[in-house]
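Okay, structure first, notes after.
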Amino acid sequence: MSRVRTCLWFAREGEAEAAAAFYCTLAPESRIDQVLRPGRDGPAMLVEFTLAGTPYAALNGGATEKPSASASISLMTKDQAETDRVWQAILDNGGREGLCGWLTDRWGVTWQVYPEAVLDLAFSDDKAASLRVQEAIRGMVKLDLAALRAAHEGEKVS
Numbered sequence: 001m002s003r004v005r006t007c008l009w010f011a012r013e014g015e016a017e018a019a020a021a022f023y024c025t026l027a028p029e030s031r032i033d034q035v036l037r038p039g040r041d042g043p044a045m046l047v048e049f050t051l052a053g054t055p056y057a058a059l060n061g062g063a064t065e066k067p068s069a070s071a072s073i074s075l076m077t078k079d080q081a082e083t084d085r086v087w088q089a090i091l092d093n094g095g096r097e098g099l100c101g102w103l104t105d106r107w108g109v110t111w112q113v114y115p116e117a118v119l120d121l122a123f124s125d126d127k128a129a130s131l132r133v134q135e136a137i138r139g140m141v142k143l144d145l146a147a148l149r150a151a152h153e154g155e156k157v158s
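Counting from 1, one number per residue, gives the positions in the sequence shown under full-length UniProt numbering.
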């Protein structure tokens with residue numbers, strides 16, 4: 001068992017369990033691990049879950065705190081197709097797009113969703129190529145791996 005996990009705070013009763021269940025549909029190696037209910041049939045107070053192999057907790061904490069983009073879930077996908085699928089699932093479930101590969105789900109939790117190959121391009125030893133990739137990312141909403149590869153190679157990105 002991991003001794004460190006991120007706890008996500010949800011404002012309304014029932015949101016923690018609904019969010020955790022949805023999040024577990026987004027990536028392999030995801031599951032609900034346990035649910036703590038203060039009453040026999042009441043809503044969950046705390047949901048422990050694993051998202052893409054990483055432990056999280058979701059807490060129905062009340063409306064005193066709101067999620068902030070200063071902390072986000074960063075989900076690296078295996079390829080563009082998986083990025084597209086996860087991105088669309090979050091949007092279809094009430095999310096909204098941001099810039100540079102960021103979006104916010106219906107509960108206000110901010111996500112970064114991108115193909116893992118983006119890191120190799122952005123952290124390239126070729127500094128000029130890395131800068132072109134960074135510039136291309138700043139002009140995107142959902143990250144487009146083919147366009148970022150083109151930017152890395154010095155091709156025009158539209």
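Here a beta-carbon is modelled for each residue, glycine too, at the ideal position from N, C-alpha and C.
Report task. Hey, could you find the ends of the beta strand (DSSP E) Phe10 is sitting in? Result -> 6 to 10
**Report entry** Sequence-distant residues of its chain with Cβ nearer than 6 Å to Gly94 (five each side left out)
**Finding:** Arg106
Query raised in the report: Identify the residues that DSSP records as bridge partners of Gln34: which are they?
Result: Glu48
Report task. Assign Phe10 to buried or exposed, taking buried as 16 or more other Cβ atoms, counted over all protein chains shown, within 10 Å of its Cβ. Result -> buried
Query raised in the report: Applying the criterion that 16 or more other CB atoms from any shown protein chain within 10 Å of the CB defines a buried residue, is Arg40 buried or exposed?
Result: exposed
Report task. Taking only the alpha-carbon atoms, compute the straight-line gap between Gly61 and Glu15 and give it to the nearest angstrom. Result -> 10 Å
Report task. Give me the Cα-Cα distance between Cys7 and Ala151, rounded to the nearest whole angstrom. Result -> 37 Å
Query raised in the report: Looking at the structure shown, is Trp102 part of a helix, part of a strand, or coil, going by DSSP?
Result: strand
Query raised in the report: Excluding five sequence neighbours on each side, which residues of the same chain lie with their C-beta closer than 6 Å to the C-beta of Gln112?
Result: Ser72, Ser74, Gly101, Trp102
Requested in this report: Evaluate Lys127 with the Cβ neighbour count: other Cβ atoms within 10 Å of its Cβ, from every protein chain shown; 16 or more gives buried, anything less gives exposed.
Outcome: exposed
**Report entry** Proximity of Leu99 and Arg138 at Cβ, strictly below 9 Å
**Finding:** yes
Report task. Closer than 7 Å by C-beta to Phe123: which residues in its own chain qualify, once you throw out the five before and the five after it? Chain order, please. Result -> Ser130
Query - 3-residue-minimum beta strand (DSSP E) runs that sit fully inside the stretch 83 to 153, ordered along the chain - result: 102 to 104, 110 to 115
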